[in-house]
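Asks: Attaching a single structure in structure tokens format; questions to follow.
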Amino acid sequence: MRKKERFEKIIEYFTTHRPGAETELNYSNPYELLVAVILSAQCTDKRINMVTPKLFEDFPTPGLLALSHFDQLFPYIKSVSYPNNKTKHLLGMAKMLVEDFDSTVPSDVKDLQKLPGVGRKTANVVASVIYDQPTMAVDTHVFRVSKRLGLVNQNAKTPLEVEKQLVKYIPREFVAQAHHWLILHGRYVCLARRPKCEECKITPYCSHFEKNFQ
């Protein structure tokens, strides 16, 4: 199957069967999503959703978070991965958000990446989810699933390479949601150790299935 056709078939499936796919992180405004995504690095959304309610209740704005200090903030997120670094990142992010962006989460990916704790993946998530921009965040699920399906070349070594190959073929209007399609597919069906091919509905368009089961 040619790559263009593979993309078309997979996009057709997801637009039909997963039209409302969205992030599983709980948030109610751009600031809360930014905090949640920073915390979610190398940690499960389930864990993040357990710690953020109290965090958002006590620090509902960037200004209040910026006024806190390490020993005050750390207990809220001590159960997530890398809590020391993430505490420092959140404090630095909040201060910069207040001082440089008038407490408003920027929409530009380059501006977002200026914030402590915000790399390209996090910036792309915020830009796509909040501002519906055609940015493709590549996490471990997207990286794995897109290669297994045959959407990107097997020799793609970095998230940026995968990102560029995906946005080349995915129509602009679907890029933001395609991120969620691939993440959720990787989280619940195309698992890292043993993909649930017997449950998967897109095996007719999957390179991995084609090579190993046909």
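Quick note on numbering: the sequence shown equals residues 1157 to 1370 in the numbering used here.
Each residue gets a CB set at the ideal place from its N, CA and C atoms; glycine is no exception.
State the DSSP-derived secondary structure class of Thr1296, mapped to helix, strand or coil.
Replies: The residue labelled residue 1296 in the question sits at position 140 within the sequence shown. In the structure shown, Thr1296 sits in a helix (DSSP, three-state: H, G or I).
Asks: Is the beta carbon of Val1298 less than 8 Å from the beta carbon of Val1318?
Replies: What you label residue 1298 is simply residue 142 of the sequence shown in a count that begins at 1. What you label residue 1318 is simply residue 162 of the sequence shown in a count that begins at 1. In this structure, Val1318 lies closer than 8 Å to Val1298 by Cβ.
Asks: With contact counted as at least three CB pairs below 8 Å, one residue from each stretch, are the stretch 1229-1248 and the stretch 1197-1206 in contact?
Replies: With a cut-off of 8 Å, the stretch 1197-1206 and the stretch 1229-1248 count as touching, because enough Cβ pairs lie within range.
Asks: In its own chain, which residues sit with a C-beta less than 6 Å from the C-beta of Leu1211, not counting the 5 before and 5 after it?
Replies: Here residue 1211 refers to the residue found at position 55 of the sequence shown. Excluding sequence neighbours, Leu1211 sits near Tyr1232.
Asks: Per DSSP, what kind of secondary structure is Phe1257 in: helix, strand or coil?
Replies: The sequence position of residue 1257 within the sequence shown is 101, counting from 1. Three-state result, Phe1257: helix.
Asks: Got a sec? Which residues, its chain only, sit under 8 Å from Thr1217 by beta carbon, not counting five neighbours each side?
Replies: Locating residue 1217 in the sequence shown gives position 61, where the first residue counts as 1. Correct list, in chain order: Tyr1187 and Ser1259.
Asks: Apply the 10 Å Cβ neighbour rule to His1173 and answer buried if 16 or more other Cβ atoms are within range, or exposed otherwise.
Replies: By 1-based counting over the sequence shown, the position of residue 1173 is 17. By the neighbour-count rule (16 or more Cβ atoms within 10 Å), His1173 is not buried but exposed.
Asks: What do you reckon, are the CB atoms on Leu1246 and Leu1229 nearer than 8 Å?
Replies: Your numbering for residue 1246 matches position 90 in the sequence shown. Your numbering for residue 1229 matches position 73 in the sequence shown. Yes; because the gap between Cβ atoms is below 8 Å, this pair is in contact.
Asks: In this structure, how does DSSP classify Pro1360 when only helix, strand and coil are distinguished?
Replies: Stepping through the sequence shown from its first residue, residue 1360 is reached at position 204. Pro1360 falls in the helix class under three-state DSSP.
Asks: Return yes when the Cβ of Leu1305 is within less than 8 Å of the Cβ of Lys1242, no when it is not.
Replies: Here residue 1242 refers to the residue found at position 86 when the sequence shown is read from its first residue. Here residue 1305 refers to the residue found at position 149 when the sequence shown is read from its first residue. No.
Asks: Measuring alpha carbon to alpha carbon, tell me which of Glu1180, Thr1171 and Lys1160 ends up nearest Val1131.
Replies: Only positions 1157 to 1370 of the chain appear in this structure, which leaves residue 1131 out of reach.
Asks: In the structure shown, what three-state DSSP assignment does Asp1288 receive?
Replies: For the purposes of this step, residue 1288 is taken as the residue at position 132 of the sequence shown. In this structure, Asp1288 counts as coil in the three-state DSSP scheme.
Asks: Look at the alpha carbon of Lys1303 and the alpha carbon of Glu1213, and state the distance between them as a whole number of angstroms.
Replies: Taking the first residue of the sequence shown as 1, we reach residue 1303 at position 147. Taking the first residue of the sequence shown as 1, we reach residue 1213 at position 57. The alpha-carbon atoms of Lys1303 and Glu1213 are separated by roughly 40 Å.
Asks: State the Cα-Cα distance for the pair Glu1161 and Ala1197, rounded to the nearest angstrom.
Replies: Counting from 1 along the sequence shown, the entry for residue 1161 is found at position 5. Counting from 1 along the sequence shown, the entry for residue 1197 is found at position 41. Going from the Cα of Glu1161 to the Cα of Ala1197 covers about 33 Å.
Asks: Thinking C-beta only, is Thr1296 closer than 8 Å to Val1265?
Replies: For the purposes of this step, residue 1265 is taken as the residue at position 109 of the sequence shown. For the purposes of this step, residue 1296 is taken as the residue at position 140 of the sequence shown. Contact flag unset, no.
Asks: Does Asn1349 come out as helix, strand or coil in the three-state DSSP assignment?
Replies: Indexing the sequence shown from 1 puts residue 1349 at position 193. Reading off the sequence shown, one finds Arg at residue 1349, where the question assumed Asn. Coil, per DSSP.
Asks: In the DSSP assignment, find the alpha helix (DSSP H) that holds Leu1221 and state where it starts and stops.
Replies: Along the sequence shown, read from residue 1 onward, the residue named residue 1221 stands at position 65. That run of the alpha helix (DSSP H) goes Pro1218 to Ala1222.
Asks: What separation, rounded to the nearest whole angstrom, lies between the Cα atoms of Asp1227 and Asn1309?
Replies: In the sequence shown, residue 1227 corresponds to position 71, counting from 1. In the sequence shown, residue 1309 corresponds to position 153, counting from 1. C-alpha separation (whole angstroms): 46 Å.
Asks: By Cβ distance, which residues of its chain are closer than 6 Å to Val1254, with the 5 residues on each side in sequence left out?
Replies: Within the sequence shown, the letter at position 98 stands for residue 1254. The answer, listed in chain order, is Pro1218, Gly1219 and Ala1222.
Asks: Asn1280: buried (16+ other C-beta within 10 angstroms of its C-beta) or exposed?
Replies: Looking up residue 1280 in the sequence shown gives position 124. With 16 or more Cβ atoms within 10 Å of its Cβ, Asn1280 is classed as buried.
Asks: What is the rounded straight-line gap between the Cα of His1341 and the Cα of His1225?
Replies: By one-based count along the sequence shown, residue 1341 stands at place 185. By one-based count along the sequence shown, residue 1225 stands at place 69. Taking the straight line from one Cα to the other gives about 39 Å.
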